[in-house]
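Just below is one structure, and these are the notes that go with it.
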Amino acid sequence: MREITYAQAINEAMSEEMRREKNLIFMGEDIGLYGGAFGVSKGMFEEFGPERILDTPITELAITGCAAGASMTGLRTIVEIMFSDFMTLAMEQLANQAAKNRFQFGGQGSVPMVLRAPGGSGTGAAAQHSQSLEAWVAHVPGLKVVIPSTPADAKGLLKASIRDDNPVVFLEQKLLYRVKGEVPDLDEDFIIPLGKADIKREGKDVTIITYGRMVQRCIKVAEEFAKDGVEIEVVDIRTLVPLDKETLISSAKKTGKVLVVHEACQTGGFGGELVSVVVESDAFFYLDAPVKRLGGLDVPIPYNPGLEALVVPTEEKITAAIKDLL
Amino acid sequence: MKLSKEIHKELYLKMNQTREFEETAARLFVEGKVHGTAHFCIGEEATGVGVCSALEVEDYILQTHRGHNQGIGKNMDINKMMAEFRGKATGYCKGKGGCMHIADFSVGSLGANGVVGGGLPIATGAALKQKYNKEKNITVCFFGDGASNEGAFHESLNLASVWKLPVLFVCTNNLYGMSTPVSKSMNIEDISIRAASYGIKGIALDGNDVVNIYEETLKAKEYILENGPMLMVLNTYRWMGHSKSDAQIYRTKDEVKEWKEKCPIKQHKKFILENKIMTEDELVAIGKQAVEDIEKAVEFAENSPEPRIEDIFDDVYA
């Protein structure tokens, strides 16, 4: 199978869907000729033209509401928010309007839009350009939330998100944009349905439930433990909403030991929800140890590279947490 | 422009229906039949009725929380409006939205909004779709004087201007944002001058003159399809408090009285009689019809079932 980057996979997903669906438009800041702040949309302006690839002013609230309005009336839309931190500027339209309209209008209309935004630390961009805000959006009924960890997942999940009739918040991982991985050949039907977790590494001794950038890190730690005969199962949830509870629960039953890992601040993070899914299920009776949770420190992301690397779960911290469980 | 008798009939009936709807709604509160709140537009009937009656079904509107006049203007079903106000399963939102969220996509209403300024960005999107499909229709976005201080107002007018989107931004200036007078929330008297900041046309009209509002909306639509968005400010007055729980200690009885003299329904009646468009008897008959329409709506709502908790997850997702 061919290898492409995570950014190319996202570009392919959007381009294939735009070729297939003439009513699909894409808007955002500097996504046209410039190709997007992270180069994700390179070449799309040339192929689809200014009527479908819309460069916007710096106006996140209006872009998001504009996409919601266009989607409510018959178009399908993709919005790129340059950094997921700037969802704060768009939150009113996302959480009060796009998410709630169908419900509060008694089922009239739907809002088929995808809001794409990169999150995560590690680029030296400090506190306002590095957050992982998935818990905020996962808390709003009406939104779906996706965080892919590989190029293949990014492509298949984005195509599914674009075809979904609901507003989907698609949180990309900045540090994964240049990472390569195997992706099936150009294919209109390469779709990964939302709501299906993926066991990225099988194991029988410990389960790590994680998502996004932390997936590769957890696999690396698991490979180290394998040298000592400890087999760790790494479950990538891929979509936070809807959440594939069954896969989490059955893995927890199999191993009896569970660690939840995410980059976002621990307090109020989505990890608490993942822990609850396990301990509220009958997997509780299979547990050999208390479920552990490892999130980022409860601090804004700092600038200094040494500090920045240490405020999110490191390989060392994940290793120590696994040892505690064993 | 000389409006036909039919148009005058329509405007007069819709304004009377709105007035009757709201006075009845206020009474239902007193009778303890309504849970929640409502925001009345008594005194502002000409704004929504005048603008919306000049539109086609394919023109969209975004309504405000104070928008019964807009809904009735756009030919929404009064029975379903009343049922929603009562929280019944037969209401526009199946009892899940209340009158702050009434919507009827089939007549082009993309919904009322509980957030001040919330409809403005959505309006740009509906208009973008109209432009994308090369439709000959526009999107009308209602909002109040208060919303014109929100970021959503500035972002939406700017975006609509740079993309030349077919939006008529209608600011209903009723002089108060809840209790705060316009004079304390902005340093200008004429809100329409804000249009200049975005390089678009802005006009200010008497918000109680339904005939003029109707005519100016027709002209605005033509202008917008040719030139892009426009801001129309309708200066009017809110007779009632902000919501049902407002004791109105922030304004004088004289001020309210003065504005009641400028009643939009009385003004229209005077115009019709002076120009011999209809007789006094004809107008009385229209008034009677409005009362009957609302009585029927109240009965429909009263006899409608409550929504069931079993259906609560319906429509959270498509």
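Chains as they are written, first to last, in the numbering used here: chain A, 2 to 327; chain B, 927 to 1244. For each residue, glycine too, the CB sits at the ideal point set by N, CA and C.
Around the CB of N167/A, 16 or more other CB atoms lie within 10 Å, so the residue is classed as buried. Distances from the CA of V235/A to each of G121/A, E309/A, I209/A were compared; the closest alpha carbon is that of I209/A. Under DSSP, L1157/B takes part in a beta bridge, and its partners are F1095/B, G1128/B.
Going by DSSP, Q174/A is part of the beta strand (DSSP E) stretching over 169 to 174.
About 19 Å separates the CB atoms of C1019/B and G999/B; that is not less than 8 Å, and the two are not in contact. For A118/A, the pairing in a beta bridge is given by DSSP as L172/A. At a beta-carbon threshold of 7 Å, the residues of chain B lying near N102/A are G1037, ordered along the chain. In the DSSP assignment, F1069/B is bridged to C1097/B. Each residue's CA atom was taken as its position, placing H934/B and M1158/B some 22 Å apart. Under DSSP, C266/A takes part in a beta bridge, and its partners are G297/A.
Checking the DSSP bridge columns, you'll see I1235/B has no partner listed.
Straight through space, the alpha carbons of G44/A and D1003/B are spaced by roughly 48 Å. When only Cα atoms are considered, P119/A and A1086/B end up about 27 Å apart. According to the DSSP assignment, V236/A belongs to the beta strand (DSSP E) that extends over 233 to 237. DSSP, read as helix, strand or coil, puts K201/A in strand. A contact between stretches requires three or more CB pairs, one per stretch, nearer than 8 Å, and the segment 1181 to 1194 of chain B meets this requirement with the segment 1117 to 1135 of chain B. F87/A and K1222/B have their alpha carbons spaced roughly 49 Å apart.
For V112/A, a Cβ of chain B is located within less than 9 Å of the residue's own Cβ. Secondary structure at E18/A: helix, using DSSP grouped into helix, strand and coil. Sorting A951/B, L939/B, A1130/B, M1026/B by C-alpha distance to the C-alpha of E971/B places L939/B at the top. The straight-line gap separating the alpha-carbon atoms of N942/B and L144/A is approximately 41 Å. Cβ contact annotation for K201/A (same chain, cutoff 7 Å, sequence separation greater than five): V216, I220, V235, D237, in chain order. Nearest in C-alpha terms to F39/A, of all of G50/A, E47/A, T6/A, V242/A, is T6/A. Collapsing the DSSP output to three states places E4/A in a strand.
Counting only residues of its own chain and dropping the five nearest sequence neighbours on each side, Q1056/B has a CB closer than 6 Å to the CB of N1063, P1092.
Interface with chain B (9 Å Cβ-Cβ cutoff): K145/A is included. Pairing R103/A with L95/A, the inter-Cα distance amounts to about 13 Å. Selection A1038/B, T950/B, G1013/B evaluated against Y986/B yields A1038/B as nearest (Cα-Cα). E93/A belongs to the set of residues whose beta carbon lies under 9 Å from a beta carbon in chain B.
When the alpha-carbon of R945/B is set against those of D1241/B, E1208/B, I1220/B, F1226/B, the nearest one is in I1220/B.
Against chain A, the CB of L981/B has no partner CB under 9 Å away; the residue lies outside that interface.
With a minimum length of 3 residues, the unbroken runs of beta strand (DSSP E) contained wholly in the segment 22 to 56 of chain A fall at 25 to 29, 54 to 56. D166/A has a beta carbon lying within less than 9 Å of a beta carbon in chain B. In this structure, G1072/B sits near M1104/B, with a CB-CB distance shorter than 9 Å. Counting along the chain, E281/A sits inside no beta strand (DSSP E), nor does DSSP assign it H or E at all.
Residues of chain B whose Cβ lies closer than 7 Å to the Cβ of C219/A do not exist; the shortest such Cβ separation is about 30 Å.
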